Each structure stands twice: as structure tokens, then as C-alpha cells.
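S.K.: Shown below is the structure under consideration.
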Amino acid sequence: MDEYRVLKTVNFDWTMQLQSVWRNSPLHVPGLHENLRTELMETLKERMGSQDQNPLGQIITGPAGAGKTHLLSAIRQEVAALPAWFVLVDMTDIKDFWETVLLGYLNSLQQATSGNRPQFQSLLKHLLNPDVKPQNPFSSFYRTPSRSRKSPLQWLTALLAGKKAQRQEAAPATPRQIAEYGDKELAQVIRQTINRLSTQYPEEIRAHQDALRALMLLNSNDLERANVGYSWLQGMAIDETDRHLFGFLWPQRQPSEIVKSLSWLMSRYAPTLLAFDQLDAIMSQHHITTASSGEGERMTGEQRASQAIIEGIADGFMAVRDTVYRTATILACLEGSWEILRKGSLKSATDRFASPQPLPPINNATLAEEIIALRLAHAYHAHGFTPPYPSWPFQPQVFASAATLLPRELLKRCEEHRLQCLSKGEVIELACFESPPEATETLATIRPDPGLDHAYQELCRQAPIQELLSEEAEDEVLGMLIPALCRCLLRETPLPKSRRGVVDTEFPGDKNYRALHARLRIIDSSQENREQHYCFRALQKTHATAYQNRLNGALTASGIDSKLPFRRLIIVRTTPLPLGKVTREITDKFLQAKGKFAAPNEQDLRTMWALHKLEQQNLPGFEAWLRERHPATQLQWLQETKITECLAADAFPLENNLPLNAKENTDIWAKLPAPKRHNYKATTPSYPSALPVGKILSNPAEKITIPLPLLTQYTGILAGSGSGKTVLLKRWVEEAALLGIPSIVIDRTNTLVSLGEQWPAPPTSWTPEDQEKAEHYHANNEVIIWTPGQADGNPLQLEPLPDLASLLEQPEKFQQALEMAQSTLKEIVAPGKSAHSDYKMDVLTAALKLFAIQKGKTLPDLIAILSHLPAEISTSISSAARLGSEMAQRLQAEIQNNRLFYPESPFLDPGCLFKGTSANRSRISIINLAGLPDLKTQQQFLNQLAITLLGWIKQHSASPSMPVQGFLILDEAEDFIPAEQSTPCKDNLLKLAEYAPTGGLGLVFSTQNPKNIAPPIISDCFTQFAGKASAPAIIEAIREQFKIRGGEEDDIPVLEAGHFYLHTEGMPAPVKVAIPWCLSYHPPHPPEKAEVLKRAAASRLQAQNP
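Plus 1 on top of the position in the sequence shown (first one is 1) and you've got my numbering.
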């Protein structure tokens, strides 16, 4: 074996990534700081067991490289064995004390300390009520290997036997089982757990129960549900729908309050060790900037900002002991950092901390030899090399001169000798450490391998561009290119002699919530180790909550502030920003803190991919090739961030010379374009870009349109009688049809059935363009009128139940469909909230699952099961046979009395509502409800329609060529999804609204009173119109909605018909627009019912399946 080649692979890296604290290091030397560690652990064990006052904070001080982080890693391993919780707070780029501590708690709870279970799952395991129902039976059923699966009836028997047993003494559900629960089942577990805790801790549980709710959601396997939990735990507001669904008392809490709640929950089972590390950067920066100021000079903005941070840290350390429960704290820092705190705000609270414990040098030759021999052994073992002695090529006597060295200095000396050997091409044994060897420049004698150019070009060509752009792979693919790029940037950029660069690549958090992907730190030893930080995060997520969570985490981890020029955060993003008020607020916060979006072009991405691969290969001459070719510094997006200029500058940037977004901007959002979506062939849109809606009144020559991607989110129209609302709805449908987008229009008042009628004479306000559009509209679109409940019109029969059988192998979708079926049938067979109703629902749920297993399709199939329940069901649930019989009779009566459940005609394929009789004809389906006798029956029909459409969009996702595949227009929406009371269709319409955007179904809700409609529908509308209204309460409600969108609409009562205020995403404020007359005839009075039925019958032939 070539000794030279073996020595090349030895790793004397002296930096320890903070995240490595969570791993049991193979390089751990038990004897290092053993006495101090033992003393600290004995103190902690003694005091952490107390239920009374928290122990004094412990301070560990020492110079850089003394092993402070290594000591925390060793302590973490011992704490895990107690058992106890361990929380690590990374203060590298701290800005707000409690936000940073909270992020430390969240990231630490997601770390595994034993096995593969994160700490928060261990916490949930100990908090769960033993009486909670067992896991979702379907999850275990599907995970069972096929050779050992029970028959459907055997499985159902076991399920129902479990239901009976759990009322007596159920086994506790585990976090992994609960992770698979649906919304309602999970909400029930949360309620039961909190109820149990409230009997033990009636005073405390009210303050802390929401943290438990959020942890339960974070535990979910459903990413959207987990995002809700993580949002709340970050201190961000959650929307009202989620708040009510899961019972949150507060939609948002302060970080210190969340920390207190988490600590209280953790203390119910075990004590906690709370460790703080990496505090020194902000201390050093502030000390240097203030020391350079003359006495009596006014503080600069940077000095004031850093002083505020330090005061916040001091205040936080004083308060933390009184905030957390059963918690011991340890702070590891430089002695100078502690002195700054002690002499400042902490000087009046020193009794909260024990005397600092300094870390000494190694002071032991045997220990020094063990540290180096362990590093060498890993390389030697990997190559099957047997050295002459364990520490070769460092002779044993060399370590006698290392007794006064710090661990980092020892590793540096060994690395310097290794590089000297490599530069000379021979291995030299070292006998003394007394004086450092002269620095050796190895790059000057190494020439780039010409083959690297070819390898680089070939790797650029092979770059998987679409995979790099995927939002699902932002952490595993694009995010992994950034650390490699930072390392290459350092290797190809000559730094001043006093500076060194470090790339941090490990950050707290799990694979779903990584705070950052890289932090490039430039450390200047000539300025007391002053640091400049550049943080990077790839963020491709398009889901609004996912984007908000990750950006908020990056903001907290980077600690950026417009007045702190030594911190930078760059978000690498190639996709447009998500939409919504919360997204805008957090993006504003990012931009105002001088954060920067960077959008790599295609060549940039290819270069990053190639550098990542070449760095992995580490071919001979690679570093020399980097310095000659400079591929990293030539990246366009990197040049735009000015990082390369800062690396080469003689001094770090000052506050009045910011290289990033330095100029203040009063409306930074309005002037910021969405990050570029570069013109990669696979993402080039071929659809019409926007829907025309009218003209701006202040500039009639300017037409206004709404981008189609915005319309996959729902639209709200808030206007009263006489506003021109119906004309707006009709023109919307017509313009969509001209773009090839079909619509389903719900018509309760016969005002929309004329969408297929031509004007007797063109309206006088029409332009030549309107005339042309009308001709095209009537010639190329077909309007079908459907009349559910009216056989003499064009009857429409929809399946009353979702197709459960087809979803048996998809547990999550099955659960959703099961909940929709339960919601549909509950009002009929088990109304109310009594215990009797609950028992009925137990039986119904069991019957529905058996219905699915037996591939049932119709209500009569379900009635047959309920009428003759298998013995396994009737013996497992008390009175099940009687309850089943009652429900069967109720369903049978409903079929006889309710036209919606009586199959007068075949059930309709939902595709017929969208698809015309030929590919070049768009279909407009007008569903006229006049034939349904009352509002409740109409609500039941809307429920069936919601179930049908939800199933359809899950099977027919929007194509890349058209982001909107259809609209659902719902006038008088307050009758179907009211703000307060429940209706047969409310739950499933809200569920449709939740999933419609992903399927390209645009929902348009129209209402005369926004206060009477479910709050999420109005507050979450991406696009809103406001027209004339008369009632003071309605006028005020409309003004409230538009005020939060930047408008002050005072003329709502006197708006002319056809004039509306419009706001959509991207607009800084609402604009007043004029809506043109519709392209179809709009009679002064709606037609009578008989005329509607006549027109519906005439369109029946057109409505045949395409």
C-alpha cells in the first residue's frame, strides 16, 4: 500500500459542526475534559430531578478550539441515557432571543436521541391518554403482508372487537399510529388527551394545551397537516378553518409562551438540559464596532442593532430560568463573550448562574496521542494499512510538546505536517511540535489536469434540470448543490492572509424543515475573529404554508437585519412566489431585512451540478483547476448577490456601503417582480395567459386581466342587488369559454339560464371586439341546462356516495372519502350529537368499510348490509342489529321521498359537465335548482356535487398546457356554506375548496353579505370584487375586506351598476373597474320555470356523453 496515498485520505478537520452534537462521534475521546464533564453531570443529575426551582445556569468558557462543542456532544450522550430531554440552541446568527430559543426547541424535538424516534414522538408517547382509540385500522390492515392478511370479515371482526374493548380498557395509541389518522379522528384524539390532562392539571392545561395540539399535527404523515402544526409552533398564525377544526384556543402565540408550553409538556415526563452554543459571533462583532468608535460619538445603526440583540440575550438569560420547567441550562462561549454579558445587563442577575468553568489545554501527552491516533486509525483501517505504530507518522515523543496546546491547535499542527509531506511527495516522521512548520504553497506547483475541462463540460451536459427544479427535491437535490458551491467558491478565491472561510452544512431540523442549506462564514483573525455570514436556502415550495414555514425558519436561523451588514440571507428560487396575505407579510419582512432572492438560470444550474460532482470525485489538480477557471465566481446569480466582491474586499462591508439591496424602498413588494421562471423548454406555458374582466375606470383605454394561475384559487364577489353581479358572473363564464375553459354554474333564481341565448339586438355599449367575441362564443360553445329533480327537463342524477371500493389500496384517500360519506349520511341516519348518534355512527362506519370491501356501489347495497349486519358486527356493538335496521329504514325512506336519492335516470359521468360534444367546443353546464323543493334538498344536491367533483379532480389533474381546467360558479354562496350553522353540504364544499386548486378547478363564490359566509372562503380569496351594497353592516364588511388589501372604498353605496372594485394578488391596492355587458342575452326578468324546463329539454340531446 502506498503510504503517500493513505496519508492523503487522513482527516484532521478541526471544526465541529454544531449539528454533529446529535450524533455519537467515532472520534470521541472519553478522556478529554473528563473531570469537568463528570462534575457537571453529577450536578445536573442531582438538581434536575427536583420538581422545585430550576438549578443555576452553568457557564463553560474557553478559547476557540478548546472543545466546547465537543463537550456538549458528550454531555448530550449522557443526558439521553438518564433519561432526560436535550435541547440545543444555535445562537450563531441570533436576532431575537426567544425566536432563536423556540427554533432550538423545535429542531431539537425533531432529533432522534434513541433509535429512530424523534424526541417529540417520545414526548407524545408519554402524554397520550391510555383510553384513546387505537390506530386507524386501515393502516395496519394495508401494511400486513398479503400471505398473512385476514379475510375482510375476519379483519372487520377484529376491528369491531377492538371498538368494544376500548370502551372498557383500550391499549394506548402510539404516535406513529396517530400519524395516519384523518382530521376528525385526530381531532378526537387531541380532545381526549387534553381532557385527561385537565383532570390532573386543571390550571396549567388551559395555557399549554395548544402546544400539544400543534405537536400532534406536526406528527402527522400528511404534509399539509404537519405544516399547520409547524406554523403554530413557529409562532405564526394559522387560519380559522384549522383553528376551529382542531380546537386551538389561540391562532397565534408569542415565542416565549410556546417555549413555556413545550417545556411544561416535557416536564411531565422528564427534566431537560437546555444548551446554548455559538454565541460569540454577535459579541465579537459588537465589541469591534463599538471599540472603533470615539468616546462620545453617536452609535451607528449597526451598533444600535447589535446592542439591542445583546441586551435581548441578556434579558432572555435572566428570564429563561423562570420560564422553563425542570430545566438546567448550560452556556458554552468565549470568556470574553461571558464578560460582555456579565458586565452589561446581567450584572444584576449573577446569582442565577454558577461561576464559569474554564476549559484547560490538553495537558496530557497520552490524551493528545489518543486524539491523533484515533483520526489516523480511521484512514488506515479503510485502506487496510498497518502503520509501524498507532500515531505514525507522528512519533510518540512529539506529543510531550503538545501538552499546552488546545485540541484545535493540535489538529492544525498535524494537518500542516500532512500538507508538507504531500507537497514534498514523501512521508516524513515528525518528532517535535515546538515550532509550527512554515506554510507550504502546494497549488503553485500543481497544474490543472486538462481532462477536467472535458469532465466539467460532460457533467454540465448531463445535469438533470427538471429534477433540480422540483419542489419535492429542494432539500435533497438543489439544496445539496449549494454547500458544494460555497466550498468551491472558497477554494477558487484567494482570501487575505488574515482570513479563513468555513462552510457550515449541518443545521438543526429534520429533512422536511431544514432551516438553511449552507452558511458561508468568513473569519478575520486580525479583527479578533470578526465574522461575515452568508446564509443560503433553496426554497422551491409553491404551497403557501410550506413556503412560509421554511422562509420563517431561514429568517430566524440567519438573523438578518437591514442594520446588520455582516449577515446575509439568499433564497435560491426559480418558481413564482405563492400567493396570499401571510405570504406577502413574511416576504416583506425578508426583503426589508435586506434578504435577496436569487434565480439561477439554466447554465448556472448546470455549472452547480458539475461542480458538485467534481468535488465529490476530488480529482488530482481540481483545486488548481478551480483557481484557473473560476467557474463558481462566474455564476450569474452569485455575481448579482455581490458575494464574490465581499470576499475579495480589503474590509468587511459597512452599514453605509451595503452590497445587497442597500437602498431603502418604501414599497419593496410592489417593485419586486416574482422570481424569474427561466425559459426551460419543459416549463414554457402554451395557454392563454389571463382572463379579461373589464377596463380600469381611471384609464378606460387600459384593460385589466387576471392571470390564469391565480384563478385556480377561489374568487369572491361581494355585491348586493342592483350591482350588476349577475352580468359579471355571466361575462366571467363567457370569457372563460372563449379561452376553452368550461364552467359549471349553479342557478337558483333562473337568472343564469340565458347564457345560451343571443341578444335580439347588440347592446349599445358593445365595442366591435365585443361583437366579434359574441359571435365566436355562440358559434363555438354549447350551453347545457340541467334540472335535477325534474324528469321533464334535463334530469341530473349524481352518485350520493363516493366510490370507496376503488380507494381501498390508498388509505389516506380512502379515509377522506369515508369522511365524506359519513358527512353525507349522518344528517339522515344519525342527526344530532347524542350518545345514541355516536353509537349509530360506529355501526355506520363499520358498515361503510364492509361496503367498500364488498365493492358496493349504490345506496341499496349499503341498505342491504345495514339490514342484515354480519354476526361479527351485531355481537361486537351493543344493539348493533337494531341500530342498523333503524338506519336502513331511514335510508329507504329517504330514497322514496327524496328525488336526489331515487335513481330516476342513470348516474351521470361528471366529465359530461365539462366536456363538449367535440374537442373544439367548450361546455357550460347550468345546473338549475328550481326543481328541488326546498333549500335543504338543494344543499343535499350541492353535497353530492362536491363529492363528485372532488373525486373527479383527483383523477383528472390540470395539464401543463392549461392551469385551469374548469370553473364552478356558486351564486348566493351564504346559503350553502354559512358562517355559523351547519348544512348538509358545508363540510364537503369546504373540502372541495381546499383541494380544488391542486386539480385546476377554479371556484367563484358570490354573496350579498360576506359576514354570513364561512370566514375562510372570504378571507382566503385570492381575487375579490366589491360592488354596490346598501345595508350599513354589509358595506362595513366589504370595507373591512378591502382595507386589508390596501384600499379605502368610501363609495360602495353609490357605485354604478357594472362598476366594481377589484383586487388580486400582485396589486398594491384595489382598482375600480367597469365590467362590460355579457355576450349572451340578459333579459329584464328571469324566465318562468316552464320556460326553463323547455330550454333544458331542448339541450338534452346535446348533453349526451362526449
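Beta carbons are placed, not taken as given, at the ideal position from N, Cα and C, and that holds for glycine. None of these values were measured; they are calculated from a predicted model.
Going by the CB atoms, is the gap between I587 and Q549 shorter than 9 angstroms?
M.R.: Their beta carbons are under 9 angstroms apart, which means Q549 touches I587 by this criterion.
S.K.: Near G790, which residues of its chain fall below 6 angstroms by C-beta distance, leaving aside the five closest residues on each side in sequence?
M.R.: So the qualifying residues of the chain are R900, G932 and L933.
S.K.: Please say whether R409 and A65 have beta carbons closer to each other than 9 angstroms?
M.R.: Yes.
S.K.: State the DSSP-derived secondary structure class of Q396, mapped to helix, strand or coil.
M.R.: It is coil, neither helix nor strand.
S.K.: Using only alpha-carbon positions, find the residue among L89, G917, I864 and T938 that is nearest to N898.
M.R.: Closest option to N898, Cα to Cα, is T938.
S.K.: Less than 6 angstroms between C-beta atoms, sequence neighbours within five positions excluded: which residues of the same chain meet that for E800?
M.R.: Closer than 6 angstroms at the Cβ level, and outside the excluded window around E800, lie F908.
S.K.: Run the proximity test for D562: is its beta-carbon closer than 8 angstroms to any non-hydrogen atom belonging to the ligand ADP?
M.R.: The ligand ADP is not part of this structure, which contains no ligands at all.
S.K.: Under a Cβ-count criterion, where at least 16 other Cβ atoms within 10 Å of its own Cβ denotes burial, should A950 be classed as buried or exposed?
M.R.: The amino acid occupying residue 950 in the given sequence is Leu; Ala does not appear at that position. Result: buried.
S.K.: Out of R226, C913, A282 and E773, which has the shortest C-alpha to C-alpha gap to S338?
M.R.: For S338, the nearest C-alpha among the options comes from A282.
S.K.: Would R883 be called buried (16 or more neighbouring beta carbons within 10 Å of its own) or exposed?
M.R.: Exposed, since its Cβ has fewer than 16 Cβ neighbours within 10 Å.
S.K.: Just to confirm, is the Cβ distance from L1004 to L971 under 9 angstroms?
M.R.: Going by C-beta atoms, L1004 is nearer than 9 angstroms to L971.
S.K.: Is A1030 helix, strand or coil when you go by DSSP?
M.R.: Looking at A1030 - three-state DSSP - the assignment turns out to be coil, as it is neither helix nor strand.
S.K.: Here's the rule I'm using: 16 or more other beta-carbon atoms within 10 Å means buried, otherwise exposed. How should R214 be labelled?
M.R.: Result: buried.
S.K.: Would T768 and P998 qualify as a contact pair, given that the criterion is a beta-carbon distance under 9 angstroms?
M.R.: Taking 9 angstroms as the Cβ cut-off, T768 and P998 do not qualify as a contacting pair.
S.K.: Tell me whether Q714 is buried or exposed, calling it buried when 16 or more other Cβ atoms sit within 10 Å of its Cβ.
M.R.: Classification for Q714: buried.
S.K.: Would you call the CB atoms of F1180 and L565 closer than 9 angstroms?
M.R.: The first residue shown for the chain is 2 and the last is 1107, placing residue 1180 beyond what the model contains.
S.K.: Which word fits V694, buried or exposed, when buried means at least 16 other C-beta atoms lie within 10 angstroms of its C-beta?
M.R.: Its Cβ being crowded by 16 or more others within 10 Å, V694 is buried.
S.K.: Per DSSP, which one or two residues make a beta bridge with N929?
M.R.: Answer by DSSP bridge pairing, in chain order: D748.
S.K.: Tell me the DSSP bridge mates of Q358?
M.R.: For Q358, which the question treats as bridged, DSSP gives the partners I61.
S.K.: Just how far apart, CA to CA, sit K9 and L360?
M.R.: Straight-line Cα distance between these residues: approximately 32 angstroms.
S.K.: For the beta strand (DSSP E) that contains A558, what are its first and last residues?
M.R.: From DSSP, A558 is part of no beta strand (DSSP E) but of the alpha helix (DSSP H) over A545 to S559.
S.K.: Taking buried to mean at least 16 other C-beta atoms within 10 Å of its own C-beta, is T387 buried or exposed?
M.R.: Result: exposed.
S.K.: Could you give the C-beta distance for Q945 and T984, rounded to a whole number, given that I count them as a contact under 8 angstroms?
M.R.: Contact flag wrong, Cβ pair sits at about 13 angstroms.
S.K.: Within 10 angstroms of its Cβ, does E452 collect 16 or more other Cβ (buried), or is it exposed?
M.R.: Looking at the sequence itself, residue 452 is Gly, so the reference to Glu does not match. When all chains shown are included, G452 counts as exposed.
S.K.: Going by DSSP, which residues form a beta bridge with L1002?
M.R.: Paired residues: G967.
S.K.: Taking the alpha carbon of C1079 as the reference point, which residue from R305, H544, L730 and S886 has its own alpha carbon closest?
M.R.: For C1079, the nearest C-alpha among the options comes from L730.
S.K.: Taking E895 as the reference, give the member of V830, G857 and S880 with the closest Cα.
M.R.: Out of V830, G857 and S880, V830 has the C-alpha closest to the C-alpha of E895.
S.K.: Between which two residues does the beta strand (DSSP E) harbouring H613 extend?
M.R.: Note, H613: premise wrong, no beta strand (DSSP E); alpha helix (DSSP H) at E603 to Q618.
S.K.: My output table needs one value for V325: the three-state DSSP class, helix, strand or coil.
M.R.: Residue state, collapsed to three classes: coil.
S.K.: Looking only at DSSP bridge pairs, what is P979 linked to?
M.R.: In DSSP, P979 forms a bridge with I1014.
S.K.: In or out: W156 buried (at least 16 other Cβ within 10 Å) or exposed?
M.R.: Confidence at W156 is low in this model, with a pLDDT of 48, below 50, so the placement of that residue should be treated as unreliable; the coordinate-derived value is given next. W156 should be labelled buried.
S.K.: Please name the residue in T575, A329 and D804 whose C-alpha comes closest to that of M821.
M.R.: Of T575, A329 and D804, the residue nearest in Cα terms is D804.
S.K.: How long is the line joining the alpha carbons of E665 and I572, rounded to whole angstroms?
M.R.: For E665, the pLDDT reaches just 36, beneath the cut-off of 50, and the residue's location in the model is therefore unreliable, although a value from the coordinates is still provided. Distance between the alpha carbons of E665 and I572 is about 20 angstroms.
S.K.: When DSSP labels each residue in this structure, what does L423 get in the three-state scheme?
M.R.: The answer is helix: DSSP assigns L423 an H, G or I state.
S.K.: Give me the Cβ distance between L709 and A738, rounded to the nearest whole Å; I'm assuming they're in contact under 8 angstroms.
M.R.: Their Cβ separation, rounded to whole angstroms, is 14 angstroms, which puts L709 and A738 out of contact at 8 angstroms.
S.K.: Below 9 angstroms between beta carbons: does that hold for S926 and F915?
M.R.: A contact, by the Cβ cut-off of 9 angstroms.
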